[in-house]
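In terms of the working numbering, the sequence shown has 262 at position 251, counting the first letter as 1, and numbering is strictly consecutive. Here the structure is laid out as C-alpha cells; the discussion comes afterwards.
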Amino acid sequence: MPDCRIGLLGGFRVDVDGRPVPPEAWRRRRAAELVKLLALTPRHRLHRDELVEALWPDFAPGAGSANLRKAVHFARRSLGHEEAIGIEGGLVELWPRGGLAVDAEEFEREAADAVRDGDTGAASKAVATYGGDLLPEDLDAEWAHEPRQRLRRLFGHALRTAGMWERALQADPTDEEAHRGLMRAHLEAGNRQAAMRQFERLRDALHQELGVGPDPRSVALYEEILALEGTEPATPAERAAAHLAAGLVALNRMDLREAETQARVARDLAIEAGLGRELGQASGLLGMVAHSKGAWPDLFRQEFLDAIRAAPGLAGFVFDAHLCLAEFSLAGTEGPDRIAGYAGELLSLADRHRSIEGRALATLILGESKLLAGALDEAEADLSSAADLHREAGAITGEALSLERLAAAVLARGDRSRVPPLLERAEALATGSPLASHLVVRIRGTEVQAPQAAEDGAAIARSARAELAGQEVCEPCSMGFLVASTMAFARASRVEEAAQTLAQAERVGSPGPGPAGRGRRPPGGRPVHRGRGPVRRGRSPVVGGEVPRGRPGRRSRDRVQSLEERPGNTRLLTSPQCRLAGRRRSRWVRTGSSTRRAPGW
Numbered sequence: 012m013p014d015c016r017i018g019l020l021g022g023f024r025v026d027v028d029g030r031p032v033p034p035e036a037w038r039r040r041r042a043a044e045l046v047k048l049l050a051l052t053p054r055h056r057l058h059r060d061e062l063v064e065a066l067w068p069d070f071a072p073g074a075g076s077a078n079l080r081k082a083v084h085f086a087r088r089s090l091g092h093e094e095a096i097g098i099e100g101g102l103v104e105l106w107p108r109g110g111l112a113v114d115a116e117e118f119e120r121e122a123a124d125a126v127r128d129g130d131t132g133a134a135s136k137a138v139a140t141y142g143g144d145l146l147p148e149d150l151d152a153e154w155a156h157e158p159r160q161r162l163r164r165l166f167g168h169a170l171r172t173a174g175m176w177e178r179a180l181q182a183d184p185t186d187e188e189a190h191r192g193l194m195r196a197h198l199e200a201g202n203r204q205a206a207m208r209q210f211e212r213l214r215d216a217l218h219q220e221l222g223v224g225p226d227p228r229s230v231a232l233y234e235e236i237l238a239l240e241g242t243e244p245a246t247p248a249e250r251a252a253a254h255l256a257a258g259l260v261a262l263n264r265m266d267l268r269e270a271e272t273q274a275r276v277a278r279d280l281a282i283e284a285g286l287g288r289e290l291g292q293a294s295g296l297l298g299m300v301a302h303s304k305g306a307w308p309d310l311f312r313q314e315f316l317d318a319i320r321a322a323p324g325l326a327g328f329v330f331d332a333h334l335c336l337a338e339f340s341l342a343g344t345e346g347p348d349r350i351a352g353y354a355g356e357l358l359s360l361a362d363r364h365r366s367i368e369g370r371a372l373a374t375l376i377l378g379e380s381k382l383l384a385g386a387l388d389e390a391e392a393d394l395s396s397a398a399d400l401h402r403e404a405g406a407i408t409g410e411a412l413s414l415e416r417l418a419a420a421v422l423a424r425g426d427r428s429r430v431p432p433l434l435e436r437a438e439a440l441a442t443g444s445p446l447a448s449h450l451v452v453r454i455r456g457t458e459v460q461a462p463q464a465a466e467d468g469a470a471i472a473r474s475a476r477a478e479l480a481g482q483e484v485c486e487p488c489s490m491g492f493l494v495a496s497t498m499a500f501a502r503a504s505r506v507e508e509a510a511q512t513l514a515q516a517e518r519v520g521s522p523g524p525g526p527a528g529r530g531r532r533p534p535g536g537r538p539v540h541r542g543r544g545p546v547r548r549g550r551s552p553v554v555g556g557e558v559p560r561g562r563p564g565r566r567s568r569d570r571v572q573s574l575e576e577r578p579g580n581t582r583l584l585t586s587p588q589c590r591l592a593g594r595r596r597s598r599w600v601r602t603g604s605s606t607r608r609a610p611g612w
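Written out as C-alpha cells, the structure is:
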C-alpha cells in the first residue's frame with residue numbers, strides 16, 4: 012500500500028502517496044469523522060462498539076453497527092483503497108498495511124519531548140509544526156474536545172519553553188507565566204515602566220476574560236518592580252493596582268481581613284488621586300469580601316454614602332462596581348418588601364446629598380423590587396424614572412440595565428409591542444459600556460421572551476446564540492438567556508436545541524466551591540430548576556408523543572420534552588434570579604492550580 016499522511020491541525024486534509032484527496036471526496040460526513048477519530052486514536056484502531064458509541068450515541072446497537080459499515084465503505088472509497096480501513100476481530104484500524112503519518116501525533120511527540128527536556132530550540136521547531144487548533148470544523152464533536160484541549164495546552168507549554176511570550180499571549184491572553192516572562196524581559200532591558208504596564212495588561216486580561224485576579228507569583232513580581240528605583244516613583248495608580256492584586260489573592264485564600272485591608276488602602280489611594288477605575292475596583296473587592304461575610308447590604312450602604320458625600324465625581328464607578336452584587340441581593344431570600352425598604356434608605360441618602368447617581372441606582376433597585384412583588388404599574392414607573400436619572404447622570408451602564416428591566420416589566424404586563432424599542436435603546440448603550448459582556452446577554456434573554464409565536468422566539472434564540480458565540484460573555488449573566496432559550500426551543504418543539512441550552516444552563520448554574528459556599532445554598536440550582544419546571548419527561552411539545560430515548564449519558568436531552576404556556580412563566584424569566592444563577596460558581600478567583608470566584612462584575 013502507498014503511504015498516507017493525515018492533517019488534523021488547522022483543518023482536515025489527507026494525502027495518499029503525496030497526492031491530496033480532494034475535499035469533495037468527503038461528502039459523507041460520517042466517513043470523514045471515522046477517519047478523523049481513528050487518526051486521533053493511539054495505534055489508530057478502536058473496537059467497533061467504541062466507534063458506534065462515539066459517532067452514533069443515540070442509536071440502538073443494531074442501527075449504529077449498520078451505520079458503521081456504511082461509513083467504512085465510503086471511507087475506503089474516499090481514500091481510494093479497499094484496505095485503507097481494516098476490520099479484524101471487532102477492531103477497526105486505519106491504514107493497517109501502509110505507512111501512516113498524522114500531524115497532530117507528530118506535534119504531540121516532538122512538543123512533549125521539548126517541554127520535558129526544556130529544549131528551547133526543539134520547542135521552537137515543534138511550535139512551527141502547529142498549524143492551528145485541532146479540527147476547527149468539528150467544534151461540536153465530543154470525541155474531539157479532549158484531544159483539542161490537550162494539544163492546545165501542549166502548544167502553550169511549547170511556546171513558554173521556547174520563550175515566545177508574545178505568541179503565548181496571542182494564544183491565551185490570560186497566560187500568567189507568559190506575562191511574567193515579558194515583565195522580566197522588560198526589566199532586563201531596563202524598562203521598568205514597560206514591566207509595570209505588562210502587569211496592567213495581565214490584570215485587565217484576567218478581569219475581562221475570567222473575572223479573577225493575578226496569582227501570588229505575579230503579584231510578588233509586581234511588588235518587586237515597584238520597589239526598584241526608577242527615574243520616577245510608582246504612581247498612585249500603580250500602587251493601587253498592587254494593593255488590589257494582593258487583596259484578590261488574599262480573598263482567594265479566604266483571608267478576608269487581609270483582603271479588606273488591601274482593598275481599603277487601594278480605595279484611599281484612588282479617592283486621593285481621583286482614580287475612578289481603581290476606586291470602582293477597590294469598592295468591588297470590598298463588596299466581595301462583605302458578600303463572603305453575608306454583610307453586603309451594610310457595606311454598600313456605607314460605600315453608597317461615602318461615594319455621594321466624599322467622592323461625588325467618582326460615585327458612578329462605585330455604583331457600577333456594585334451593580335452585580337445589588338442584582339444578586341434581589342435574587343436572595345430577603346423578599347421584595349425588605350429590598351424595597353433598603354432601596355428607600357438609599358434614596359433618602361441620595362436626596363439628602365443631592366446625588367443624581369445615587370437616586371438613579373436606588374430607584375433602579377426600588378423598581379426591581381416592585382417587579383418581583385408583581386406591582387407592575389409601580390415597577391414600570393420606577394424603572395422608567397431610573398433610566399431617565401441614569402441618562403441625566405451620564406451613567407450608560409445603569410441606563411442600559413434600567414431599560415432592560417423596564418422591558419421585562421412591560422413584557423410581564425403583556426405589552427409585547429413596546430419591548431423591542433426599549434431593548435434597542437438598551438443595546439445601543441450596552442455595547443459602549445465597560446460591562447457589555449454582562450449587559451448584552453441579559454438583553455438577549457429578555458428579547459427571546461418577547462415574541463408571541465413559538466417559532467419566532469426559537470429563531471431569535473438561535474440567532475442570538477450564534478452572535479454571542481463570537482463575543483466575550485459573562486457566564487452567570489447568561490443564565491437568563493439560557494433558560495429563556497431552553498423554554499423557547501421547547502415550545503417550538505426543537506428538542507435537540509433545547510437539550511443543548513439546558514445542558515449549558517445546568518453547567519453554568521451547578522454549585523461550586525467559593526465564599527458563598529460556606530454553609531449557604533448556592534443560587535445556581537433554583538433558576539435552572541424553575542426554567543426546567545414546565546419541561547416534562549417523555550412528551551413531544553406539539554404532538555404529545557414519545558420522544559426517542561437517547562443512550563445512557565444523554566440525560567440532558569431526555570429532560571427536554573415539553574413546554575406548556577402557564578401563567579407566571581414570563582414573570583419568572585423577567586426575574587433577576589435568572590440573570591444571577593451560578594454567580595458564585597462563575598466568579599472564581601484563581602491561585603495555583605485551584606480556582607474560585609466570587610460575585611462581582
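Here a beta-carbon is modelled for each residue, glycine too, at the ideal position from N, C-alpha and C. Here the structure is a predicted model, which means the values were calculated and not measured.
- Measuring C-alpha to C-alpha distances from A354 to each of E379, S395, L19 identifies E379 as the nearest.
- L198 and L19 do not touch by the CB rule: their CB atoms are close to 40 Å apart, not below 8 Å.
- For V421, the enclosing alpha helix (DSSP H) begins and ends at 407-423.
- Contact annotation, A418 with T457: C-beta distance approximately 5 Å; criterion of less than 8 Å satisfied.
- In the three-state reduction of the DSSP assignment, C488 falls in the helix class, which pools H, G and I.
- Going by C-alpha positions, R56 is about 40 Å away from S496.
- Per DSSP, reduced to three states, the secondary structure at A503 is coil, with no helix or strand assignment.
- Exclusion of the five residues before and after R24 leaves G18 as the residues of its chain whose Cβ lies within less than 6 Å of its Cβ.
- Distances from the alpha-carbon of L446 to those of A231, A134, C485, Q204 put C485 closest.
- H302: not part of any beta strand (DSSP E); member of the alpha helix (DSSP H) spanning 287-303, first to last residue.
- The DSSP-derived three-state label of A112 is strand.
- Minimum Cα-Cα distance from L45 among the listed residues R88, P33, P72, S395 corresponds to R88.
- Contact check between the stretch 78-85 and the stretch 56-70: three or more CB pairs, one atom from each, fall below 8 Å, which counts as touching.
- For V260, the three-state secondary structure derived from DSSP is helix.
- The stretch 286-299 and the stretch 307-316 touch, with no fewer than 3 CB-CB distances between them shorter than 8 Å.
- Counting the other CB atoms within 10 Å of its CB gives P487 a total of 16 or more, which places it among the buried residues.
- Of the other Cβ atoms in all chains shown, 16 or more fall within 10 Å of the Cβ of R453; this residue is therefore buried.
- Straight-line measurement puts the Cα of H254 at about 10 Å from the Cα of A248.
- For T408, the closest alpha carbon among the candidates R363, L383, S448 is that of S448.
- A residue is called buried once 16 or more other Cβ atoms fall within 10 Å of its Cβ, and A169 is buried on that count.
- Going by DSSP, L170 is part of the alpha helix (DSSP H) stretching over 153-172.
- At the C-beta level, G224 and A256 come within 8 Å of one another.
- Contact between the stretch 125-132 and the stretch 90-100 is not established, with fewer than three Cβ pairs separated by less than 8 Å.
- Taking the CA atoms as reference points, I376 sits about 13 Å from E415.
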